[in-house]
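Structure record follows, encoded as structure tokens.
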Amino acid sequence: MASESIQVGVLLPTRDAVMSGRFETAPLLAMAERVEAAGYASIWVGDSLLARPRFEPLTLLAAMAARTRRCLLGTAVLLPALRHPLLLAHAVATVDRLAEGRLVLGVGIAPDSKAVRREFENAGVPFAQRVGRLVESLAVCRQLWSDRGERGVTFQGRYWSLAEARLLPTPQRAGGPPVWMGGEVAAATERAGRLAQGWMPNSVTPAAWTEGWARVLATARAERGGTTHLTPALYTTLNVGRDARTAEAELRTFVEGYYAAPYEAIARVQGFHAGDAASCLERLQGFVRAGVRHIVLRFGGGDQAEQLERTTREILPHLRG
Numbered sequence: 314m315a316s317e318s319i320q321v322g323v324l325l326p327t328r329d330a331v332m333s334g335r336f337e338t339a340p341l342l343a344m345a346e347r348v349e350a351a352g353y354a355s356i357w358v359g360d361s362l363l364a365r366p367r368f369e370p371l372t373l374l375a376a377m378a379a380r381t382r383r384c385l386l387g388t389a390v391l392l393p394a395l396r397h398p399l400l401l402a403h404a405v406a407t408v409d410r411l412a413e414g415r416l417v418l419g420v421g422i423a424p425d426s427k428a429v430r431r432e433f434e435n436a437g438v439p440f441a442q443r444v445g446r447l448v449e450s451l452a453v454c455r456q457l458w459s460d461r462g463e464r465g466v467t468f469q470g471r472y473w474s475l476a477e478a479r480l481l482p483t484p485q486r487a488g489g490p491p492v493w494m495g496g497e498v499a500a501a502t503e504r505a506g507r508l509a510q511g512w513m514p515n516s517v518t519p520a521a522w523t524e525g526w527a528r529v530l531a532t533a534r535a536e537r538g539g540t541t542h543l544t545p546a547l548y549t550t551l552n553v554g555r556d557a558r559t560a561e562a563e564l565r566t567f568v569e570g571y572y573a574a575p576y577e578a579i580a581r582v583q584g585f586h587a588g589d590a591a592s593c594l595e596r597l598q599g600f601v602r603a604g605v606r607h608i609v610l611r612f613g614g615g616d617q618a619e620q621l622e623r624t625t626r627e628i629l630p631h632l633r634g
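Numbering (the working numbering), first residue to last: 314 to 634.
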């Protein structure tokens, strides 16, 4: 059903560990090793300071870089607006060196909610500036990662300025790790087409994904002269259960606890599915037919290890061809 080019990754439950009150990293590192051993293509972690607390993503990816050898390691997604770009560029370069060039920098602007606005306020960042700071931060980081001159980078922007800043070490990958973006609204897809090497939305339906991907491609052709550099990806949440009723109940409990909002409200804007392995596979294949080539799975609720095992056994072989 799927081509051999389909890659599948797993988001590690860094937020779940905090929600449960067990601030333990060992299970997360062990899960990363299991994901790689099972044949997945990538391992991902999320980002939030206060709105949805979890372990700091780049620090955790550094530890995972030492425990893995093959998988891509990514952020899904990191919020550059909350960080000074010089510090961000340095941390990313170090992690990419530790991972020997396996880092993927997924970035975003964060959704608009009361908790997120408070998070930005506490970090000293005006919420209204989050898009501009994302764009400018990437520009600064890319200059620092690409610089080979003696005098370093001098930059004067709206939010940050640098004077003869020479960053060492630079990332393992020339010019820095690939940047992936999400978001399906017109502004987000156009931004991805202009600036990113991959697009990873949390689409509700294959039709919505197809519409957004068309805008990404159109912008890339118009402003960058081509699209071969772009990875068509998807971030989605599954509960791969023994039966549909249990899986649906677990997913609902997970979503409402995670977002502190009714399930129906979140499900209108994010892609969720609960059921047995066959129904989860059918949903994913719909996105593959639409053009997705890299799928990032978040397991919503239930036993993470059990769902990983079931997905590895009953879904992964059919997606990879």
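For each residue, glycine too, the CB sits at the ideal point set by N, CA and C.
Predicted model only: the values in this text are computed from it and were never measured.
* Kindly indicate the opening and closing residues of the alpha helix (DSSP H) around Asn435. => In the sequence shown, residue 435 corresponds to position 122, counting from 1. Counting along the chain, the alpha helix (DSSP H) containing Asn435 begins and ends at 427-435.
* Could you have a look at Gly599 and say whether DSSP puts it in helix, strand or coil? => On the sequence shown, position 286 is the one that residue 599 refers to. Residue state, collapsed to three classes: helix.
* Consult DSSP for Met494 and reduce its assignment to one of helix, strand or coil. => Against the sequence shown, residue 494 aligns to sequence position 181. In the structure shown, Met494 sits in a strand (DSSP, three-state: E or B).
* Return the residue from the list Ala404, Thr502, Ile628, Leu395 that minimises the CA-CA distance to Glu536. => Translated into the one-based positions of the sequence shown, residue 536 becomes position 223. Closest option to Glu536, judged by alpha-carbon separation, among Ala404, Thr502, Ile628, Leu395: Thr502.
* Which of helix, strand or coil DSSP assigns to Ile579 -> Residue mapping note: residue 579 aligns to position 266 of the sequence shown, counting from 1. If DSSP states are grouped into helix, strand and coil, Ile579 belongs with the helices.
* Asked: Using the C-alpha atoms, what's the distance from Val529 back to Leu508?
  -> Translated into the one-based positions of the sequence shown, residue 508 becomes position 195. Translated into the one-based positions of the sequence shown, residue 529 becomes position 216. Using only the alpha carbons, I get a separation of about 10 Å.
* To do: Answer yes or no: do Ser355 and Leu385 have a C-beta to C-beta separation smaller than 7 Å?
  => Counted from its first residue, the sequence shown places residue 355 at position 42. Counted from its first residue, the sequence shown places residue 385 at position 72. Yes, the Cβ-Cβ distance between Ser355 and Leu385 is below 7 Å.
* **Coil, strand or helix - Tyr353 by DSSP** => Position 40 of the sequence shown, counting from 1, holds the residue named residue 353. In the structure shown, Tyr353 sits in coil (DSSP, three-state: anything other than H, G, I, E or B).
* Inter-residue Cα distance where the pair is Pro490 and Ala343 -> Taking the first residue of the sequence shown as position 1, residue 490 is located at position 177. Taking the first residue of the sequence shown as position 1, residue 343 is located at position 30. The C-alpha of Pro490 lies about 25 Å from the C-alpha of Ala343.
* Opposing strand residues paired with Ala587 [DSSP bridges] -> For this step, residue 587 is matched to residue 274 along the sequence shown. According to DSSP, Ala587 bridges with Asn552.
* Name the one or two DSSP bridge partners that Leu480 has. => As a first step, residue 480 must be located in the sequence shown, where it is residue number 167. BP columns for Leu480 are empty, so no partner.
* Could you work out which residue in Leu547, Val492, Arg347, Ile628 is closest to Arg382 when comparing CA atoms only? => For the purposes of this step, residue 382 is taken as residue 69 along the sequence shown, with counting starting at 1. The residue with the shortest Cα to Cα distance from Arg382 is Arg347.
* Are at least three pairs of beta-carbons, each pair with one atom in the stretch 402-421 and one in the stretch 464-472, less than 8 Å apart? -> A contact between stretches requires three or more CB pairs, one per stretch, nearer than 8 Å, and the stretch 402-421 fails this requirement with the stretch 464-472.
* Would you mind reading off the limits of the alpha helix (DSSP H) that contains Val408? => Taking the first residue of the sequence shown as position 1, residue 408 is located at position 95. In the DSSP assignment, Val408 falls within the unbroken alpha helix (DSSP H) covering 398-411.
* Phe368 (DSSP reduced to helix, strand or coil) -> Counting from one through the sequence shown, the residue named residue 368 turns up at place 55. In this structure, Phe368 counts as coil in the three-state DSSP scheme.
* How big is the Cα-Cα spacing for Asp616 and Glu622? -> Within the sequence shown, the letter at position 303 stands for residue 616. Within the sequence shown, the letter at position 309 stands for residue 622. Asp616 and Glu622: Cα-Cα distance of roughly 10 Å.
* Between the C-alpha atoms of Ala394 and Arg446, what's the straight-line distance to the nearest angstrom? -> On the sequence shown, residue 394 is found 81 positions in, with the first residue counted as 1. On the sequence shown, residue 446 is found 133 positions in, with the first residue counted as 1. Rounded to whole angstroms, Ala394 to Arg446 spans 5 Å at the Cα level.
* In three-state terms, what does DSSP make of Arg623? -> By 1-based counting over the sequence shown, the position of residue 623 is 310. Reduced to three states, the DSSP call for Arg623 is helix.
* When Ala351, Ala500, Gly334, Thr407 are compared against Gly421, the one with the closest alpha-carbon -> Start at 1 with the first residue of the sequence shown, and residue 421 comes out as number 108. With distances taken between Cα atoms, Gly421 lies closest to Ala500.
* To do: Could you tell me the distance, in whole angstroms, from the CA atom of Thr518 to the CA atom of Ser592?
  => Here residue 518 refers to the residue found at position 205 when the sequence shown is read from its first residue. Here residue 592 refers to the residue found at position 279 when the sequence shown is read from its first residue. Rounded to whole angstroms, Thr518 to Ser592 spans 14 Å at the Cα level.
* Asked: When burial is assigned at 16 or more other CB atoms within 10 Å of the CB, is Ala423 buried or exposed?
  -> In the sequence shown, the residue the question calls residue 423 occupies position 110. Here Ala423 is buried, its C-beta having at least 16 other C-beta atoms within 10 Å.
* To do: Could you have a look at Trp473 and say whether DSSP puts it in helix, strand or coil?
  => If you number the sequence shown from 1, residue 473 lands on position 160. In the structure shown, Trp473 sits in coil (DSSP, three-state: anything other than H, G, I, E or B).
* Going along the chain, which residues of its own chain have a beta-carbon closer than 8 Å to the beta-carbon of Ala560, five neighbours each way excluded? -> The residue labelled residue 560 in the question sits at position 247 within the sequence shown. Apart from sequence neighbours up to five positions away, the residues of its chain that approach Ala560 with a beta-carbon distance below 8 Å are Asn552, Val553, Gly554, Ala587, Gly588, Asp589, Gly615, ordered along the chain.
* Would you check if there are 3 or more beta carbon pairs closer than 8 Å linking the stretch 533-549 to the stretch 472-489? => These segments do not touch.
* Please check the pair Gly488 and Arg461, which I expect to be a contact at CB under 8 Å, by giving their CB distance rounded to whole angstroms. => Here residue 488 refers to the residue found at position 175 of the sequence shown. Here residue 461 refers to the residue found at position 148 of the sequence shown. About 11 Å separates the two Cβ atoms, so there is no contact after all.
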